[in-house]
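In our numbering, the protein residues as written are 814 to 1143.
Ideal placement from N, C-alpha and C gives every residue a C-beta, glycine not left out.
Since the model is a prediction, treat every value here as computed from it, not as a measurement.
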């Protein structure tokens, strides 16, 4: 009986090792769950993309009882708008609201918007790309559909050493009513995937002053999931904290979504103890990477949209988190 149990145990171990070896050889991660810290992927993901090709890097507002999503539409080289009542089922087809302008020399491709709404209407900061470089532009709108560029020139350009004389992109902008300033977190560095996150302020959305100690958020080499780069963040002011959702890159092709917080939004960032909070699903639509988070708290739960990549196709999915507490602790 004892020998039989020993042989059975050995057989189980060998079988487990065989499964592990097979999955590992296929590129699967047999130990890491797809989400942590209470986040759950929607079973019906992706919620946007498919027949429309790569849709990525979104900005979302809840206006009344409607979610409005401005997305980057790669086949059209433009920013498009879709709407939803539940954050899952979106209007189709996407409506192009800001397209490329080759004549300016820096807007051959338009993408990566950050949209906010104030009493004076909608404000969008976007990425313009041309000739292997990226810049940030600015537009306004009375309705979120018809946009007017506020300058033919970029409002933010690469001019600091860490930006590598190549790119600034992926703006995340909030309005600070107390300071009467627009506050921007942006990514800078390489063109394919930028390297780190900088900070700038502006009284009018056009003229920006970069922080003297940029970048304000950079890769953490001791964390495997973000040892390569950190980029494409969304920052929200929640009580006494600035909460940052961001992408952590293990390498150029493997990305996960992470979370951090800071009192002033500039210094002393605290990474979430359960990072990364969203990871690729082996063999699924987000098999290779999870990019560009954008989160909203609806009063009961958090909704976070992101673009997942499988091979060359990127599509948009959503994850949920019940309750306001994101699990940082005290």
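Rounded straight-line distance, which links the Cα of residue j to that of residue i
i	j	result
residue 837	residue 937	Per-residue confidence for residue 837 stands at a pLDDT of 37, beneath the threshold of 50, marking its modelled position as unreliable; no derived number is given.
residue 1131	residue 848	12 Å
residue 842	residue 1093	Bear in mind that a pLDDT of 43 at residue 842, under 50, signals an unreliable position, so the number given afterwards is only what the model happens to contain. Each residue's Cα considered, the two are about 9 Å apart.
residue 924	residue 939	6 Å
residue 844	residue 1090	Low per-residue confidence applies at residue 844: pLDDT is 48, beneath 50, and the placement is therefore not dependable, though the value from the model is reported in the following sentence. Approximately 14 Å between the Cα atoms of the pair.
residue 1109	residue 943	31 Å
residue 1069	residue 1001	18 Å
residue 1044	residue 1098	22 Å
residue 875	residue 1103	23 Å
residue 929	residue 953	10 Å
residue 921	residue 862	22 Å
residue 1145	residue 1010	In the structure displayed, the chain extends from 814 to 1143; residue 1145 sits before or after that span and is not available.
residue 839	residue 1101	Note that residue 839 scores a pLDDT of 35, beneath 50, so its modelled location is shaky; the value from the coordinates is reported in the next line. Near 12 Å, if we compare the C-alpha coordinates of residue 1101 and residue 839.
residue 1073	residue 853	18 Å
residue 846	residue 1095	10 Å
residue 965	residue 917	7 Å
residue 872	residue 902	16 Å
residue 1079	residue 850	24 Å
residue 1013	residue 982	13 Å
residue 998	residue 948	14 Å
residue 891	residue 910	8 Å
Residue i, DSSP secondary structure in three states
i	result
residue 1042	strand
residue 915	helix
residue 843	Because the pLDDT of residue 843 is 42, which lies under 50, any placement of that residue in the model is unreliable, and the number read from its coordinates should be weighed accordingly. In the structure shown, residue 843 sits in coil (DSSP, three-state: anything other than H, G, I, E or B).
residue 890	coil
residue 1037	helix
residue 1083	strand
residue 857	coil
residue 1144	Absent from the model: residue 1144. The displayed extent of the chain is 814 to 1143, so no value can be given.
residue 957	coil
residue 950	strand
residue 848	strand
residue 863	helix
residue 870	strand
residue 1049	strand
residue 1109	strand
residue 902	coil
residue 1137	coil
residue 984	strand
residue 882	strand
residue 1091	strand
residue 1015	strand
Residues bridged to residue i [DSSP beta-bridge criterion]
i	result
residue 1098	Note: residue 1098 sits in no beta bridge, so no partner.
residue 976	Looking at the DSSP assignment, residue 976 forms no beta bridge with any residue, so it has no partner.
residue 924	940
residue 1128	1121
residue 994	989
residue 909	893
residue 969	949
Start and end residues, beta strand (DSSP E) containing residue i
i	result
residue 853	852-854
residue 1067	1067-1075
residue 1063	1054-1064
residue 1029	First-last for residue 1029: undefined, no H or E at that position.
residue 1020	That residue, residue 1020, is in no beta strand (DSSP E); it is neither H nor E in DSSP.
residue 1147	Since the first and last residues shown for the chain are 814 and 1143, residue 1147 lies out of range.
residue 1078	It is not in any beta strand (DSSP E) - residue 1078 carries neither H nor E in the DSSP assignment.
Under 8 Å: do the stretch 1128-1142 and the stretch 1072-1086 share three or more Cβ pairs, one atom per stretch?
yes
Mind the definition here: the stretch 847-863 touches the stretch 1117-1129 only if three or more C-beta pairs lie below 8 Å; say whether that holds.
yes
Stretch-stretch touch, CB-based, cutoff 8 Å, three pairs: the stretch 967-975 with the stretch 1021-1029:
yes
So, do the stretch 862-869 and the stretch 1117-1126 have three or more beta carbon pairs nearer to each other than 8 Å?
yes
Cβ contact (3+ pairs, closer than 8 Å) linking the stretch 1056-1072 and the stretch 1032-1044:
Segments in contact, yes.
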